[in-house]
Structure formats: structure tokens, C-alpha cells
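> Submitted below is the structure of interest, expressed as C-alpha cells.
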Amino acid sequence: MKHFALIGAAGYIAPRHLKAIKDTNGNLIAALDKFDSVGIMDSYFPNADFFVEFERFDRHLEKLKYEKGIQLDYTSICTPNYLHDAHIRMALRVGSDAICEKPLVLNPWNIDALSKIEENTGQRIWNILQLRVHPSIIALKKKIEEGPKGKIYDIDLTYLTSRGHWYYTSWKGDAQKSGGIATNIGVHFYDMLSWIFGGVKSNKVHIHEHDRAAGMLELERANVRWFLSINEDLLPNEAKEKGQRTYRSITVENEELEFSGGFTDLHTASYENIMNGTGYGIEETRQAISIVHDIRHARPIGLTNDYHPLAKETVMNHPFSTR
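All residue numbers for the sequence shown refer to my numbering, where the first residue is 1 and numbers rise by one.
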């Protein structure tokens, strides 16, 4: 049985990690969050020690190690994006591997620094890239690999996930902490697409606002027109009529990629791979981190050349100018 700690137990994504730890016969021995609304732990690990102060959590882990001989194997990190770097360092410092939600870090150079710490400590840093273990995505990758060599595919990525007023008060609405909309809601799509269709040839941003962004990502084997938004007003009528607050679509050569289901156990599958040594390490994260970093710092070029159809509609009806 492997011993786990978890940082960020009150967060949205934490239950998926708690379930994955339980499903893989792990034992959560300690959890940390500055918020104490963590009753979900009763469903998984009611006997785990819980802390709201980082210092007491850190002290507890050292006492377990030096006074009771209990060595931590993994630290799961479910905290706000800007804290991942520091919490990964802490995990390695106490002698455990780190299992971190995406994005692993906000900037490409952070990966270089963490690689040195990984090398010096002998511990590993693992990233949850759950779309890579989704059956439909795996099937698409196989189809592309077995398809015509040299073919360049046309892809449209559309992802709208409505967020309320709370979003702008939370860390998610602060680009310095979340990395902005492309990082916060898009990084897993960029990772998946570049995993399948290869490295980046060009990365153009057409519009970039606080609640929406659009651009063209040219990969080795695909041209990806993408549009992301957290504004419910932009949801297509078909989603509104069903009362849905999220709309997700990826078309490859005008053919819809169906992957709406099959998400239930992706974290568990990711944990299984990590624990048998075949999970996704730090270098696998670099390309997606670079993509979202470049989007965040790019100057929007407006509606030039080929762009996502929703980009034109939102510019026409949007009171803000692109920036």
C-alpha cells in the first residue's frame, strides 16, 4: 500500500484524486487546505489527518517519517495553478513523488528548474493528462498514425463552459494566478491535440478578452481553429435549449469527435499508470505549457486569414475591443 498526502482537499478537482487514490488501494495519511469544507473526505479517507496550516502539515509529515517510520510515497496537488510550482518542490523535498493537476506550471522555464530538482532528489514529477487515457482520444491517435502519411488535418476546437460572477473574484479570474482563459480551460485540449498531431509550427491569436479567446494553432499535421469562452451568452442555441451550461466540440475534417462520455475513471487510469511507472512526466507537459504561455503573451491580430467562425460573431457583438 502506497502512502499519499493531498494538498488542496477542498477544491473542485480533489474528489477525483481521492477516488483515484482509493481505487488504486492507496492510503491517504494527510491532507491540507486553508478551507475546511472537506466533508468529502469521509467518503474516502475519514482517518486521514487534516490541516489548514501549511507549516503544521509539513511538520506532521516529517514527524511521521522520523518518529514513526512512515515514508510518504506520493503527494497529490490540487491547488490553484500559480501554487503548483511551490507545492511540487515541497513534495519532492519531503521525499515523495508529486502528482500534479494541469497545468503543471505557468511558464516553460519553470519546467527547467523543476527538472533540476527532480534530478537532485531522485523523485519524479507526474502530471495528470487525462485526455491522453480517454479511449476515444487514444483511438483518434491510432487512426492518425495509421492514416495517410503527410496529410494535414483541419480541426475546429470549440469549448464554452459558463462561469458566474464568482469566477472573477476567485484566483481563476486573475491571469497572474490562473494563466488566463487559455491556460485555465484550454491547456488539456492543446496537450491532447499536440500529442496527436505533433509540434507547433505557428501560434496566432485572433482575439483575447477576459471571457473569450480565439486563434489558429498550426501543428505539424493539423491546422487548429480554436475558440474558448466562459460567457454563457455565447452558448449555441442547441445547448441553451437543453439547459446546458457547457458546450464542447472538436471536429476533425468536419467529422465530430465523440468523447463526451468515458470521463468517470480517467484520473484512476492516470494514477494506475503513474504507480506502474508509465505515467506522464515533466517533459511531456512542456509543449502545452509553451502553447498557453505564448497565447497569454501574444498580441491579438484581429480577424485575419483563417479564423474560428465564432470569433467573428463575438467581435461583432462584443462591447470590448481586442487586446
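Glycine residues also receive a C-beta, built at the ideal position from the N, C-alpha and C atoms.
For the alpha helix (DSSP H) containing Gly215, name the first residue and the last one.
Segment Arg212 to Leu219 is the beta strand (DSSP E) holding Gly215; no alpha helix (DSSP H) there.
> Going by other Cβ atoms of all chains shown within 10 Å of its Cβ, with 16 needed for buried, is Thr169 buried or exposed?
When all chains shown are included, Thr169 counts as exposed.
> Less than 8 angstroms between the CB atoms is what I'm expecting for Leu310 and Phe259, so what's the real figure, rounded?
Actually they do not touch by this definition, with Cβ atoms about 20 angstroms apart.
> Assess, as a yes-or-no matter, whether the region 268-283 is touched by the region 119-133 under the definition of 3 or more beta carbon pairs within less than 8 angstroms.
They touch, by the three-pair rule.
> Rank Gln123, His17 and Ile111 by C-alpha distance to the C-alpha of Ile77 and give the top, closest one.
Out of Gln123, His17 and Ile111, His17 has the C-alpha closest to the C-alpha of Ile77.
> Rounded to whole angstroms, what is the Cα-Cα separation between Val94 and Gly243?
Approximately 47 angstroms between the Cα atoms of the pair.
> In whole angstroms, give me the CA-to-CA distance for Gly26 and Phe50.
If I take the Cα positions, the gap works out to 17 angstroms.
> Give the single residue among Leu160, Lys65 and Lys19 whose Cα lies nearest to the Cα of Thr246.
Comparing Cα positions, the closest option is Leu160.
> Sort out for me which residues DSSP pairs Thr161 with in a bridge.
Answer is Thr246, bridged to Thr161.
> In the structure shown, what three-state DSSP assignment does Ala9 receive?
Three-state result, Ala9: coil.
> Does the structure place the region 191-199 close enough to the region 207-214 that three or more beta carbon pairs sit under 8 angstroms?
They do not touch, by the three-pair rule.
> Hey, how far is the Cα of Leu219 from the Cα of Arg89?
Approximately 32 angstroms, taken between the alpha carbons.
> Can you round the beta-carbon distance between Ile152 and Asn223 to whole angstroms, since I take them to be within the 8 angstroms contact cut?
About 6 angstroms separates the two Cβ atoms, so the contact holds.
> Roughly how many angstroms lie between the CA atoms of Lys102 and Phe45, to the nearest whole one?
The straight-line gap from Cα to Cα measures roughly 24 angstroms.
> Touch check for the region 134-146 and the region 287-300: three-plus C-beta pairs under 8 angstroms?
They do not touch, by the three-pair rule.
> If you follow the alpha helix (DSSP H) that Lys22 is part of, which residue opens it and which one closes it?
Unbroken alpha helix (DSSP H) run through Lys22: Ala14 to Asp23.
> Take Asp36 and list the residues in its own chain whose beta-carbon comes closer than 8 angstroms to its own, dropping the five residues that flank it on each side.
Taken in chain order, the residues that qualify are Ala10, Phe50 and Val52.
> Among Glu209, Phe4, Met1 and Lys2, which residue has its Cα nearest to the Cα of His297?
Ranking the options by Cα distance to His297, first place goes to Glu209.
> For Thr322, which of helix, strand or coil comes out of DSSP?
Bear in mind that a pLDDT of 40 at Thr322, under 50, signals an unreliable position, so the number given afterwards is only what the model happens to contain. Note: Thr322 maps to coil in three-state DSSP.
> By the DSSP assignment, the beta strand (DSSP E) with Asn127 in it spans what residues?
Segment Ile125 to Asn127, the beta strand (DSSP E) holding Asn127.
> Is it buried or exposed, Thr322, if we count other Cβ atoms within 10 angstroms and call 16 or more buried?
Note that Thr322 has pLDDT 40, beneath the 50 cutoff, so the model's placement of it is unreliable and no number is given.
> Below 7 angstroms CB to CB, which residues in the same chain sit around Phe320 once its five sequence neighbours on both sides are set aside?
Only weak support is given to the placement of Phe320: the predicted model assigns it a pLDDT of 44, under 50, and the value that follows is read from those uncertain coordinates. For Phe320, where only same-chain residues beyond five positions count, the Cβ hits under 7 angstroms are Glu209.
> Report, in whole angstroms, the separation of the C-beta atoms of Ile99 and Val105, which I expect to be a contact under 8 angstroms.
Between Val105 and Ile99 the Cβ distance is about 14 angstroms, and since that is not below 8 angstroms, they are no contact.
> Could you spell out the range, first to last residue, of the beta strand (DSSP E) harbouring Arg286?
Note, Arg286: premise wrong, no beta strand (DSSP E); alpha helix (DSSP H) at Arg286 to His297.
> Does the distance from the C-beta atom of Ile207 to that of Pro300 stay below 8 angstroms?
Against a cut-off of 8 angstroms, the Cβ pair of Pro300 and Ile207 comes out as a contact.
> Give the range of the beta strand (DSSP E) segment to which Val224 is assigned.
Segment Ala222 to Ser229, the beta strand (DSSP E) holding Val224.
> Please state whether DSSP places Tyr44 in a helix, a strand or coil.
Tyr44 falls in the coil class under three-state DSSP.
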